[in-house]
Amino acid sequence: MALLVVENLTMTYGKVTALDDVSLTVEEGEFITLLGPSGSGKTTLLMSIAGFTHPTAGDIGFDGRNITNLEPEDRDFGLVFQGYALFPHLTVADNVAFPLKVRKWDKARIKARVAEILDLVGMGHLANRKPRELSGGQQQRVALARALSFGPRVLLLDEPLSALDRMLRESMQQELRRLHRETGVTFLYVTHDQQEALTMSDRVAVFEKGRIVECDTAQRLFRAPKTRFVAEFLGENNFVQGTRINGTWSAFGSSFTLPAERDAPADCTDATLWLRPGDIAFGPGDGSGVIIEGVVEDVVFVGTLNNVHLRLGTGEALVASVPDDLVPDEVMGKTLTFNARPGSVGVIAENT
């Protein structure tokens, strides 16, 4: 049986619908990320699960119980926010001990648990520091320790890494993955950052305009999205129009067939095709794949790669990300040839 079940949840504020008939099932021990742009409903869902807001309609179940109208303190979920919410006048140890004191644990048990959980997050040596004496990453570790201290079965995290710089954010992503593995706690994580969602999650629920438009593993969402929104939101992508006649697609200025598992339904004749820039290789290859020719309009250096901006013969724009050392000098305005495997092309059917 699923640990957490959200059924047909709707949340309205006047004429604004923040959540529109949202359903989600979470298994015990999963790491699920709620991903979407600002205002898409992901934080509203998290706050509803936490009990800080009550839905207009729908139900929330936890471990077989209906908790829709239960107060936050009675749900016993761990919570971590972007702003850390540490008590500035308390030490690290006392911050972590706070939820244990509220639950009336005895002193010996509190002392042992605080030491254990601070060691888990690598903060045992700073137990007597005040929050103002810590870096942003250290404060986030303390917030995590406090949220995990009383042994919740579910940890709710609302954009906890968004205030950190890139290198520290990536380090904390690894730390969160480790904590999830070692504790076995169910993580429900809100972010607008696609990389965070793809690198940390067992599954990702993608939000758009108050609805979950797709929910699947990160790999399947990235490699086989069902909607243009998800294909576009989960990283850079190229979109072109394609036509299929007798099983053969015409798109990218090329003709090709797609593997059955990547193709559209049999009665689809027109569709949007997508191809990620990183799946495009320089040169014609062996000639058996998707051959792409285009006039170079710009070349953008991005470290080891160049993003080559092309204008196809169809008039459509396309970007190819290829190794820097493969792109010839002075290519602006010239026609270059690229190739891609048919298996890297995706289809979003329009007329089926």
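Residues in the sequence shown are numbered consecutively from 1252, following the numbering used here. The beta-carbon is built from N, C-alpha and C at its ideal position, and this holds for glycine as well. Keep in mind that this is a model prediction, so the values were computed, not measured.
Among the options, the one whose alpha carbon lies nearest that of residue i
i	options	result
glutamate 1447	Glu1410, Ala1591, Gly1498	Glu1410
glutamine 1425	Leu1286, Arg1592, Leu1407, Thr1450	Thr1450
leucine 1337	Phe1349, Phe1328, Arg1326	Phe1349
phenylalanine 1282	Val1455, Val1343, Phe1332	Val1455
serine 1413	Arg1474, Thr1434, Gln1391, Leu1430	Gln1391
asparagine 1489	Leu1415, Ile1531, Ala1515	Ile1531
methionine 1583	Ala1600, Pro1574, Gly1545, Gly1564	Gly1545
alanine 1301	Phe1332, Arg1354, Pro1535	Phe1332
aspartate 1416	Ala1394, Asp1357, Asp1444, Phe1401	Asp1444
glycine 1315	Thr1342, Ala1253, Ile1368	Ala1253
alanine 1378	Glu1278, Val1347, Ser1400	Val1347
serine 1452	Val1464, Arg1471, Arg1462	Arg1471
isoleucine 1368	Val1598, Arg1420, Ser1400	Ser1400
glycine 1564	Ile1542, Val1598, Leu1408	Ile1542
Neighbourhood of residue i by C-beta, 8 Å cutoff - its chain only, sequence neighbours within 5 removed
i	result
glycine 1594	Leu1509, Pro1510, Arg1513
aspartate 1467	Arg1454, Val1455
phenylalanine 1473	Leu1449, Leu1485, Gly1486
Range of the contiguous alpha helix (DSSP H) that encloses residue i
i	result
isoleucine 1542	Element bounds for isoleucine 1542: not the alpha helix (DSSP H) but the beta strand (DSSP E), 1541-1553.
glutamate 1421	1417-1434
aspartate 1370	1358-1371
threonine 1450	1445-1451
C-alpha gap between residue i and residue j, whole angstroms
i	j	result
leucine 1587	phenylalanine 1503	13 Å
phenylalanine 1313	valine 1553	46 Å
serine 1386	leucine 1275	36 Å
proline 1403	tryptophan 1356	15 Å
threonine 1294	alanine 1568	35 Å
alanine 1475	alanine 1482	8 Å
tyrosine 1440	threonine 1307	23 Å
Cut-off 7 Å between Cβ atoms - residues of its own chain near residue i, not counting five sequence neighbours on either side
i	result
glycine 1498	Thr1508
glutamate 1459	Gly1287, Ser1291, Phe1480
proline 1528	Glu1487, Asn1489, Asn1558, Val1570, Ala1571, Ser1572
lysine 1477	Glu1465
Cut-off 6 Å between Cβ atoms - residues of its own chain near residue i, not counting five sequence neighbours on either side
i	result
asparagine 1558	Val1551, Val1570, Ser1572
valine 1365	Ala1344, Val1347, Ala1348
methionine 1418	none
Any non-hydrogen atom of the ligand FMN within 7 Å of residue i CB
i	result
valine 1436	Absent from the structure shown: the ligand FMN. Ligands present: none.
N- and C-terminal bounds of the beta strand (DSSP E) containing residue i
i	result
valine 1441	1437-1442
glutamine 1492	1489-1496
asparagine 1259	1255-1264
phenylalanine 1332	1329-1332
leucine 1270	1267-1277
Complete beta strand (DSSP E) runs within the segment 1547-1600 (minimum length 3 residues, chain order)
1556-1563, 1568-1574, 1586-1591
Complete beta strand (DSSP E) runs within the segment 1289-1324 (minimum length 3 residues, chain order)
1308-1313
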